[in-house]
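Read through the structure below, which is laid out as structure tokens, and then see the notes.
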Amino acid sequence: MERLYNSYRTIVEDILENEEFKKLKYIEHHGFTRYEHSFKVSYISYMIASKLHFNKEEVARAGLLHDFFISSDDRTSKEKFLSTFTHPKKAVKNSSKYFDLSKREENIIESHMFPVYTTFPKYKESILVSLVDKLVAICEFSHKFKVKFKYATNMYIFILFGIFK
Numbered sequence: 000m001e002r003l004y005n006s007y008r009t010i011v012e013d014i015l016e017n018e019e020f021k022k023l024k025y026i027e028h029h030g031f032t033r034y035e036h037s038f039k040v041s042y043i044s045y046m047i048a049s050k051l052h053f054n055k056e057e058v059a060r061a062g063l064l065h066d067f068f069i070s071s072d073d074r075t076s077k078e079k080f081l082s083t084f085t086h087p088k089k090a091v092k093n094s095s096k097y098f099d100l101s102k103r104e105e106n107i108i109e110s111h112m113f114p115v116y117t118t119f120p121k122y123k124e125s126i127l128v129s130l131v132d133k134l135v136a137i138c139e140f141s142h143k144f145k146v147k148f149k150y151a152t153n154m155y156i157f158i159l160f161g162i163f164k
């Protein structure tokens with residue numbers, strides 16, 4: 000497990016050290032920070048991609064960048080809701096300012112809200128990140144709202160250990 004994590008860190012180190020990306024540490028997202036959320040989506044997707052022999056490097060990088068856009072916490076409820084539909088394009092545009100993105104990485108980022116957002120996932124890696132993003136969001140929301148969703152924490156355990164036997 001440690002070797003896998005070290006390999007992951009090598010792939011995403013430049014993103015994690017980017018000053019603009021670090022600003023996500025100060026933006027609330029599902030009761031955590033957008034930085035924490037993006038890290039969870041990226042690392043869990045990377046572990047699954049490794050197991051399934053998907054392109055784990057592009058999954059790790061795009062998973063980390065899928066919500067990479069800067070917004071203020073003082074947005075109205077309406078602005079936050081509308082962001083659900085507009086932020087994937089913003090994240091691709093912002094990510095391309097700081098990093099070279101492959102076509103696959105662009106699609107992973109832009110389609111991560113499918114089917115809520117209309118960009119269709121063209122790659123199996125895009126579908127993976129989209130599904131993991133939703134799973135992580137469910138777990139985060141259940142924690143934020145203290146929902147007695149008895150399996151929320153166990154979902155992480157299943158993903159992290161259950162499929163890697």
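For what it's worth, numbering that gives the first Met the number 0 labels the leading residue of the sequence shown as 0, then goes sequentially. For each residue, glycine too, the CB sits at the ideal point set by N, CA and C. Small disclaimer: the values here were computed from a predicted structure and weren't measured.
The alpha-carbon of Val58 is positioned some 12 Å away from that of Lys50.
In the structure shown, Glu16 falls within a coil segment according to DSSP collapsed to helix, strand and coil. In this structure, DSSP gives Thr32 an extended state, which the three-state scheme calls strand. The beta carbon of Ile10 is closer than 7 Å to those of Glu56, Ala59, Arg60 in its chain, skipping five residues each way along the sequence. By the Cβ neighbour-count rule, Tyr4 is exposed, with fewer than 16 other Cβ atoms within 10 Å of its own. For Ile107, the uninterrupted alpha helix (DSSP H) run begins and ends at 102-109, by DSSP. Bridge partners of Glu27 according to DSSP: Thr32.
Burial check for Phe68: the Cβ neighbour count within 10 Å reaches 16 or more, so the residue is buried. Apart from the 5 residues on each side of it in sequence, Lys88 sits with its Cβ closer than 7 Å to the Cβ of Glu109 in its chain, given in chain order. Within the same chain, Ser44, Ile47, Ala48, Phe53, Val58 come within 7 Å of Leu127 by CB-CB distance, once the 5 residues on both sides are set aside.
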